[in-house]
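Protein chains in written order, with the working numbering: chain A, 1 to 447; chain B, 1001 to 1252.
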Amino acid sequence: MGEAVPATVESHYRDEIPLPDGDRYAVRRREAVQEFFRAGGFPTATQEDWRFSDLDGLGRTAYRRYPELTGLRLPEPGELPAWTSEFEHRVLLAEGSTLNAADFRAGNGLAFGDLPIVPAEEEEDDWGFVAPAAETNGAGADLDAPLRHPLEMVNAGLFDCGFRVRVGRDEDAGPVLLYSLRRESGHPHMLHPRSVVELAPGSRLTVVEAHDGASETAGWTNPSTLCRLGENAELRYVRVELETGNIAHTGRVTFQLARNARVRSTVLSLTGGKSRTDTAAILTAEGAEVDLQGLFLGVNAAKSDQHTLAIHAARHTTSRQLFKNVLSDEASAVFDGKVVVAPGAIGTDASQANRNLLLSRKAAVHTRPRLEINADDVKCAHGAAIGKLDEDALFYLRSRGLGRMDSHEILVRGFAGEVVEKVPVAAVRGLAKEGLTRVRESRSFAS
Amino acid sequence: MTPLLQISGLHVEVEGREILRGLDLEIPLGETHAVMGPNGSGKSTLAHVIAGREGYEITRGVIRYGGEDVSELEPEERARKGVFLAFQYPVEIPGVNNTYFLKAAVNEIRKHRSQPELDAVDFLSLMRDRVKLLDFDEDLIKRPVNEGFSGGEKKRNEILQMTVLEPTLAVLDETDSGLDIDALRIVAEGVNRMRSPERSFLVITHYQRLLNHIVPDRVHVLQDGRIVESGGGDLALRLEAEGYGKPAAVPA
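Below is the structure:
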């Protein structure tokens, strides 16, 4: 491996980086980056969807990519955090590698593999997956909007490791851990992991996607995950953001649901840096249901942006959203939630709630629920709340002998519990508890 | 003998308004006293200030408990010394399990008394015992604190907490409000079972009705932030018949 070549995203566009040998999809990838710049390049804060997400600098920084980083060793399975060992299937999405480091086993109806770069619809369908098809009687739903997300295009163009998990028809599998680890390289470097999760009709799967690691030098992590569900499939998806230090995280997860498919998703943000996650659900056929939840436990200057998009493209589809933020110190959060009801999607049932607990006067939150309803006979509810801990409740607990700090902690845990208790994996609930301990130990707690 | 609770010349301001204006009250250990008074007389302020609520500023006077000036103590410090307030409006605490909360409270208080903490098994058997006595729906103890409880269930939950925490001074703030006659009887029985020479009660109420079930040793009338009259149980009956009327004349 020669001397590392720093490169901005744009320099890939300008053909400054030679195409890697043996990458038969290299041209296609470069086209994705070119498409990104044709579409306007990095969004700026003047764009509605990016008002609170400052991407300034991402486009200008000369990030290195694996394998341009020399001397970076992949972690051995034993070096991964203890909580990851509770998973039967672990996949390491690290520094350009998928499978090398972590032990993983196939079986139990699961198939794993490196991700081919061809779009899914061009592949042979040899395992019974039926691609979701839109059933609206109108033409208003833009089902591909999440896939044209600007940073999705960057990921598609630059992804350096890709992984696919499939679960076969009527199988019940998981939990699978997709674990991405950033290690200190001494150089600014960027990661673009890409995962596809596919559930055949009637199957059930639990997937945890975690992004971990710390970096003092500037880093950018830009992962994409696409989850496709066949009819009657059920996915429980948990995303954990654990990165700390000088890292900008911009991630996306998109769910495509066929008839009567169900997704229950939780984004647990424990980031110590700055993180933005876009969660999109495309309900393409009758009876599809999503329940999207999120919890951010913010201390110091951590920032978490949660953007959601639920597209009701068929009749009688349901979406629920509940995003909560606990903000201490100077932590800040954004919730920007959008529900789109396509013409003809009658019987849509959508609800959206954003609740915020501010533990410090310097903490800040921007909340913006948005509804776009183009059909009759639909039920849509949304609401947002921002507040401090309830003084009456604090007095109530203290009047029973519980100390001031403990009373604050009990109330914060109670607030977070609504989301944490629904997380289907004990190891992840343990991470949330650690996050709550950091909140208790934060400077502004109970001050 | 020093009274368990001794309040002298107490002036209390809430949000800059003086609510209690020179209140005197003594409750010896082992006695049950009732404080009655019309709306706005300062009954709930008295309850809260005994429990140590923040924002209730004592501008003059003192609250002694067991001979000690507790005026400046935090609410939890008073609770650990054996003060209990049954709230007029028990607070709903979403996401906090009733049993978990009560176990934490019991063990906090036991720790203060240098008693060993109760483990889950011991605590549960203690709860079962008390729940049965109060005819309390056992499902409610597994739910979040007071969340979705009816008015009567909330009040019974207060008494349940009292029987588990075993305070030395229990202040009941309008525990009868919102209770039907059956619930009232159950609550009163719960209180009466706990009466002992080692424990005192301060029963704050608007109506005499409760005092048919919890018969007090003394009755005090609170009006305009002061105790204006004190007497035996017959005083409550007289007030019920005649009403509180206009404030009693106070010598200048």
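Note that the Cβ used here is the ideal one computed from N, Cα and C, for glycine as well.
If you're wondering where the values come from, they're calculated on a predicted model, not measured in any experiment.
For residue i: DSSP bridge partner residues
i, result
"Val477(A)", "Here chain A has residues from 1 to 447 only, and residue 477(A) is not among them."
"Ile1027(B)", "Leu1005(B)"
"Val1014(B)", "Arg1017(B) and Tyr1056(B)"
"Gln321(A)", "Leu292(A) and Gln352(A)"
"Glu1083(B)", "Residue 1083(B) is actually Val in this sequence, not Glu. The partner list for Val1083(B) (beta bridge, DSSP) reads Leu1169(B)."
"Tyr237(A)", "Val207(A) and Ser265(A)"
"Gln306(A)", "Thr277(A) and Phe335(A)"
"Arg1218(B)", "His1033(B)"
Beta-carbon neighbours of residue i, restricted to chain A and to distances below 8 Å
i, result
"Pro1094(B)", "Gly414, Phe415 and Glu418"
"Ala1241(B)", "Simply none; closest approach about 35 Å."
"Gln1161(B)", "Arg400"
"Leu1085(B)", "Ser399"
"Leu1005(B)", "The premise fails here: Leu1005(B) is roughly 16 Å from chain A at the closest Cβ pair, so nothing lies under 8 Å."
"Leu1165(B)", "Arg400 and Gly401"
Per-residue contacts from residue i into chain B (C-beta, under 8 Å)
i, result
"Arg404(A)", "Glu1074 and Glu1076"
"Leu411(A)", "Ile1093 and Val1096"
Chain A residues whose Cβ lies nearer than 7 Å to that of residue i
i, result
"Val1121(B)", "Near Val1121(B) there are no residues of chain A at all, since even the closest Cβ is about 21 Å away, more than 7 Å."
"Ala1051(B)", "Ser399"
"Arg1238(B)", "Under the 7 Å cutoff, chain A gives no residues; its nearest Cβ is about 33 Å from Arg1238(B)."
"Phe1201(B)", "Result: empty, since nearest Cβ-Cβ is about 16 Å, beyond 7 Å."
Cutoff 8 Å: residue i Cβ touching any chain C Cβ
i, result
"Leu295(A)", "The structure shown has no chain C; the protein chains it does contain are A and B."
Distance CB(residue i)-CB(residue j) smaller than 8 Å
i, j, result
"Thr217(A)", "Asn260(A)", "no"
"Leu1133(B)", "Arg1193(B)", "yes"
"Ser224(A)", "His249(A)", "no"
"Val197(A)", "Cys227(A)", "yes"
"Pro193(A)", "Ser185(A)", "no"
"Ser269(A)", "Glu241(A)", "yes"
"Leu177(A)", "Thr46(A)", "no"
"Leu1237(B)", "Val1221(B)", "no"
"Val33(A)", "Leu151(A)", "no"
"Ile346(A)", "Leu143(A)", "no"
"Phe335(A)", "Gln293(A)", "no"
"Gly1052(B)", "Glu1074(B)", "yes"
"Met1001(B)", "Pro1028(B)", "yes"
"Pro188(A)", "Ala62(A)", "yes"
"Arg320(A)", "Glu286(A)", "no"
"Ala1188(B)", "Phe1084(B)", "no"
"Tyr396(A)", "Val1091(B)", "yes"
"Ala333(A)", "Asn300(A)", "no"
Closest by C-alpha distance to residue i, when choosing among the options
i, options, result
"Ile1159(B)", "Thr1205(B), Ala1086(B) and Asn1097(B)", "Ala1086(B)"
"Ser1177(B)", "Gly1095(B), His1206(B) and Lys1142(B)", "His1206(B)"
"Val340(A)", "Glu330(A), Leu80(A) and Ala313(A)", "Ala313(A)"
"Ala280(A)", "Val253(A), Gln306(A) and Arg264(A)", "Val253(A)"
"Arg404(A)", "Ile1063(B), Pro1028(B), Met1036(B) and Ala1079(B)", "Ala1079(B)"
"Glu1015(B)", "Thr1059(B), Gly1245(B) and Lys1154(B)", "Thr1059(B)"
"Glu289(A)", "Asp349(A), Ala45(A), Gly273(A) and Ala342(A)", "Asp349(A)"
"Ala258(A)", "Pro201(A), Leu93(A) and Leu92(A)", "Pro201(A)"
"Ile1025(B)", "Met1127(B), Leu1010(B), Glu1076(B) and Arg1185(B)", "Rather than Ile, the amino acid found at residue 1025(B) in this sequence is Leu. With distances taken between Cα atoms, Leu1025(B) lies closest to Leu1010(B)."
"Arg239(A)", "Gly435(A), Ala210(A) and Arg315(A)", "Ala210(A)"
"Pro1144(B)", "Gly1061(B), Leu1004(B), Glu1189(B) and Tyr1100(B)", "Tyr1100(B)"
"Val419(A)", "Thr44(A), Leu436(A) and His408(A)", "Leu436(A)"
"Glu1153(B)", "Val1171(B), Thr1175(B) and Thr1168(B)", "Thr1175(B)"
"Asp1135(B)", "Met1036(B), Arg1209(B), Gly1231(B) and Leu1184(B)", "Leu1184(B)"
"Lys1081(B)", "Leu1023(B), Gly1067(B), Pro1090(B) and Asp1173(B)", "Gly1067(B)"
"Gly1095(B)", "Leu1118(B), Glu1147(B) and Glu1054(B)", "Glu1147(B)"
"Glu48(A)", "Gly230(A), Gly337(A) and Ala375(A)", "Gly337(A)"
"Thr1168(B)", "Asp1180(B), Phe1201(B) and Arg1156(B)", "Phe1201(B)"
"Ser195(A)", "Thr318(A), Glu171(A), Asn222(A) and Arg164(A)", "Arg164(A)"
"Phe37(A)", "Leu55(A), Gly59(A), Ala446(A) and Val167(A)", "Gly59(A)"
"Val1215(B)", "Val1203(B), Glu1018(B) and Glu1138(B)", "Val1203(B)"
"Ser399(A)", "Ile1109(B), Glu1018(B), Ser1008(B) and Pro1003(B)", "Ile1109(B)"
"Glu1072(B)", "Tyr1089(B), Glu1054(B) and Gln1088(B)", "Glu1054(B)"
Partner residues on chain A for residue i, Cβ-Cβ distance less than 9 Å
i, result
"Glu1068(B)", "Going along chain A, no residue has its Cβ under 9 Å from Glu1068(B), so there is no contact; the nearest lies around 17 Å."
"Glu1108(B)", "Arg400, Gly401, Leu402, Gly403 and Asp406"
"Ala1079(B)", "Arg398, Ser399, Arg400, Gly401 and Leu402"
"Ala1105(B)", "Leu397, Arg400, Gly401 and Leu402"
"Phe1149(B)", "Within chain A, no residue comes near Phe1149(B); the closest Cβ sits about 14 Å away, beyond 9 Å."
Chain-ordered neighbours of residue i on chain B, where CB pairs are closer than 7 Å
i, result
"Ala393(A)", "Val1091 and Ile1093"
task = Would you list, in sequence order, the uninterrupted alpha helix (DSSP H) runs of no fewer than 4 residues that lie entirely inside the stretch 351-432 of chain A?
result = 391-398 and 404-420
key: 3 or more residues per run - each beta strand (DSSP E) lying fully within the stretch 1221-1251 of chain B   = 1226-1231
request  = Counting only runs of 3+ residues fully inside the stretch 142-201 of chain A, write out the beta strand (DSSP E) ranges in chain order.
outcome  = 161-167, 172-182, 189-191 and 193-199
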